[in-house]
Structure formats: structure tokens, C-alpha cells
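Student: My structure is below; once you've seen it, I'll send some questions.
In the numbering used here, the protein residues as written are 13 to 156.
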């Protein structure tokens, strides 16, 4: 197996400029750069992680994400790129992308609407998860 080259750190403005035409042509609503590129923790196993939000009516999101991934690889001349659909991810994943990632494509109105929706759902869910964990912990303590 060949040794993987160290991934260079990309400037997110550069990525935004290079990829905007692809996102527009592919009918992407929002795109986020996230992961090690944003955190500055680039190592030998790092890749470029991009999460995209497709229109709800968009068909074949996985196929379109893979096609977009192939085009981005060519455009950035980078081998290790992963493009995923936010439409098909868990609430926790989407929350972490908007919390730690950088929006590199999309209209401000769409971004605010999407992020507000995810934050509201996440805060509602996190409260329920905390209540569940608290009740579960109490039940375990009672059994001891």
C-alpha cells in the first residue's frame, strides 16, 4: 500500500472561490468545510471534508454527492476529499458541522434558516437526552 502524502492546509476562501461554480451548477443550497481542515489538525490520514445541503426535492443525493466529490478532486487537485449530504445525516452530525465548520457556499437567508432549524432541534433533543440519561443513572443507582 502506498504511503499517503501529508495533506496541505487549504485556505477556506480559496476553496470557496474554486468550488462556488460547482455548487451552483449542482444545485447545492449550502456547503460547509469541516473537520481537520477547519480545526488545523491536519495529519497523514486527513482529508478535506465537505458537507452539502441539497434541495429536499433533489433526487439521488448520494449519486450527486459522489459526482460532486469527483469534480472537486479535479478542481482542487487533491486526492483525499469526502463530500457528504447533510440531508441524510444525524442531528448530532449536522449540529457539529454548523458549530465547528465554515459555510463556504450558500445564501445568507438559507444558512440562517438551516442553522436555526438545526440548533432548535438539537437543543430540544439535548434536553430530552439529558433527562433520559439522568433517569437511567438514577435507575442504575437504585439497583445497586
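We put the CB at the ideal spot given by N, CA and C, even for glycine.
1) Per DSSP, what kind of secondary structure is residue 53 in: helix, strand or coil?
2) Reducing DSSP to helix, strand and coil, say where residue 94 ends up.
3) Looking only at its own chain, which residues have a Cβ that is under 6 Å from the Cβ of residue 98, when we skip the five neighbours before and after it?
4) In the DSSP output, what is residue 45 paired with across the bridge?
5) Looking at the C-beta of residue 114, does it have a partner C-beta in chain B at a distance below 8 Å?
6) Who are the Cβ neighbours of residue 68 in its own chain at under 8 Å, not counting the five residues just before and after it?
Tutor: According to the structure shown:
1) Start at 1 with the first residue of the chain shown, and residue 53 comes out as number 41. Of the three classes helix, strand and coil, the one that applies to residue 53 here is coil, per DSSP.
2) As a working note, residue 94 is residue 82 in the chain shown. Here residue 94 sits in strand by DSSP.
3) Translated into positions along the chain shown, residue 98 becomes position 86. Same-chain partners within the cutoff: 63, 65 and 106.
4) Translated into the one-based positions of the chain shown, residue 45 becomes position 33. Residue 45 pairs with 62 and 114.
5) Of the chains in the structure shown, none is chain B; there is only one protein chain.
6) For the purposes of this step, residue 68 is taken as the residue at position 56 of the chain shown. Around residue 68: 99.
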